[in-house]
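Here's the structure, in C-alpha cells; my notes come after.
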Amino acid sequence: MSRVELLSIHGARRAFTKDHAALERASLDLRAGEITALLGASGSGKSTLLRAVAGLEQLDTGEITADGVTWTGPKTFLAPEQRRVGLVFQDYALFPHMTAVENVAFGLTGTDRKSRALDQLRAVELEHKASQYPHELSGGEQQRVALARALAPRPGVVLLDEPFSGLDRRLRGDVRQRTMDVLRAAGTAVLFVTHDAEEALESADQLALMDAGRIIQHGAPQDVWFNPVSETAARLVGDVQVCATIVSQGRAALPIGSVASELDDNTPVTALVRPQGIGLTTEGTLNVTRITYSGPICVVSMEAEDGSSWTAQIPATETINIGDRVGATLNPAFVTLVTKN
C-alpha cells in the first residue's frame, strides 16, 4: 500500500462521561517521513487520540483524514483494517505459539508472505532469530519483532503506544535508536505516544504536547523546549522555575536578575526559567541550601532574599558548598516570558 503523505486530525473530541472529555478539540498533522512524539501526563488523552487514528475509538465530533480521504467524520467511519495503519503496543502483543517470522507474517497475504516477513526481520536485524518463539527473545528483540510485524503490510501510518516503557533503562536507548532508524528508513508518517520527555526530545522530528485532551503546542523538539507557550508546556518537557513579574522599562525583573522584553511596560508576565540558564558567581545574596551531584552535573538549590527558591545546573567540577552566598546570572535563551491569555 502507498504511504500516507499527510494525515490530519482536526477538532477531535471524545467524552467517556458527561463531565470529562478525553479529547477536547485536538488537532494535529502527521507527515510522511516524520516521527511525531505525543507527550503528555497520564490521563491527558494521548492513547485515546492514537486509538482514534487507528479506528479503535470513535469520535463524538471532529475529523481524521488521510491525503484528503476521510477516515473518521460526521458521516464516515472506516474500520481499522481499512486504514493502512501499523500498530505497536506497549506489551508488543506477540502470539506466544508462533515463531518470530510467523508473528511478522501474520495477516499478510500472497505466496510471498514468508519472504516479506523475513525481509522485515532483516530490516530490524533479527533474521537470525526467525525460528525462535517470543519467550526465547529478549524484551528488546520482542519489541523489534512487533515493529517488523507493524511494518510488514507496508502501512501508510505507524502508531506506537509507549513502545519502550517495558524495557530495562540500560537497553532502552539502544532499542529506541534502532527503532527510529528503521522507521525513518521506511519513510512513513509515525506517531508515538510517550510520557518520557527525554525520550520524546531525543527521538522525534516533531513534538506535540498534550494536556487535558488538547494539543497545547506542536513544533520541532528544540523549539518547544526553548520556547514553551505556557507553564504547563514548559513542565512537560523539563524542569522549570516560575516567577510572576511585570515588564518595566523594557525588562522583566526576577529575584535573581532580569531579562529584556519587547512587551509593553506594565504588562504582567510569567517568567519560565530553566535551571540550565542560571549561572553562579562567587559573591551575592543567594543562600545555597542543597547540592546534588548527578554525574557531570551539579544541581544547586538556593534561597533568595525574598524567600523564593531557585535551582541552577552547573558543571560538577565547580567548587561550591552548602551555606555559601552566591550571585546569579541569567542566560536569556533559557528564559521565556508568557502572558495570560
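Each residue of the sequence shown is one higher than the last, beginning at 1022 in the numbering used here. Every residue, glycine too, gets a C-beta built ideally from N, C-alpha and C. What you are looking at is a predicted structure, and each value in this text was computed from that prediction instead of being measured.
| Item | Value |
| --- | --- |
| 8 Å Cβ shell around ASN1287 - same chain, five flanking residues per side excluded | ILE1267, VAL1268, SER1269 |
| For VAL1122, the three-state DSSP class (helix, strand or coil) | helix |
| Short Cβ contact (8 Å threshold) for LEU1071 with LEU1257 | no |
| Cα-Cα separation, ARG1175 to ALA1169 | 10 Å |
| Burial state of TYR1314, where buried means 16 or more other Cβ atoms lie within 10 Å | exposed |
| Extent of the continuous beta strand (DSSP E) run through LEU1181 | 1178-1182 |
| Three-state class that DSSP yields for GLY1328 in the structure shown | coil |
| Best match in VAL1359, ARG1199, GLN1334 for proximity to THR1350 [C-alpha to C-alpha] | GLN1334 |
| Given 8 Å, three or more beta-carbon pairs between the region 1125-1139 and the region 1079-1092 | no |
| Closest residue to VAL1203 among LEU1222, ALA1151, GLU1146, ALA1033 (Cα-Cα distance) | GLU1146 |
| Per DSSP, cross-strand counterpart(s) of TYR1314 | CYS1319 |
| SER1224, DSSP secondary structure in three states | helix |
| Classification of ARG1190 by the beta-carbon crowding that lies within 10 angstroms, buried from 16 upward | exposed |
| Complete runs of the beta strand (DSSP E) confined to the region 1250-1312 [at least 3 residues] | 1262-1269, 1272-1275, 1278-1281, 1289-1294 |
| Cut-off 7 Å between Cβ atoms - residues of its own chain near TYR1113, not counting five sequence neighbours on either side | GLN1163, GLN1164, ALA1167 |
| Secondary structure, alpha helix (DSSP H): runs of 4+ residues fully inside the region 1119-1206 | 1121-1126, 1134-1144, 1160-1172 |
| Through-space distance from ARG1346 to SER1322, alpha-carbon basis | 12 Å |
| Anticipated Cβ contact below 8 Å, ALA1121 with LEU1142, distance rounded | 6 Å |
| Reduced DSSP secondary structure (H/G/I, E/B, other) of ALA1233 | coil |
| Residue range of the beta strand (DSSP E) that includes LEU1115 | Run containing LEU1115: none; DSSP gives neither H nor E here. |
| Per-residue DSSP class, three states only, for VAL1025 | coil |
| Residue environment, SER1224, which counts as buried when at least 16 other CB atoms sit within 10 Å | buried |
| Local conformation of SER1068 per DSSP, three classes | helix |
| Own chain partners of MET1022 with C-beta closer than 8 Å, once the 5 adjacent residues on each side are dropped | Reliability of the predicted coordinates at MET1022 is poor, the pLDDT of 47 falling under 50, and the value obtained from them is presented with this limitation in mind. Answer for MET1022: ARG1105, PRO1174, ARG1175, PRO1176, GLY1177, listed in chain order. |
| Exposure of GLN1238, with buried meaning 16 or more beta-carbon neighbours within 10 Å | buried |
| At least 3 beta-carbon pairs within less than 8 Å: the region 1035-1053 vs the region 1097-1104 | no |
| Continuous beta strand (DSSP E) stretch holding PHE1213: start and end | 1210-1215 |
| Close Cβ partners of ALA1087 (< 6 Å) along its chain, the five nearest in sequence each way excluded | VAL1025, LEU1028 |
| Pairwise C-alpha distance: ARG1199 and GLY1161 | 10 Å |
| Cβ-Cβ distance between VAL1356 and VAL1250 below 8 Å | no |
| Own chain partners of GLN1079 with C-beta closer than 8 Å, once the 5 adjacent residues on each side are dropped | ARG1035, ALA1073, THR1093, PHE1098 |
| Exposure of GLU1283, with buried meaning 16 or more beta-carbon neighbours within 10 Å | exposed |
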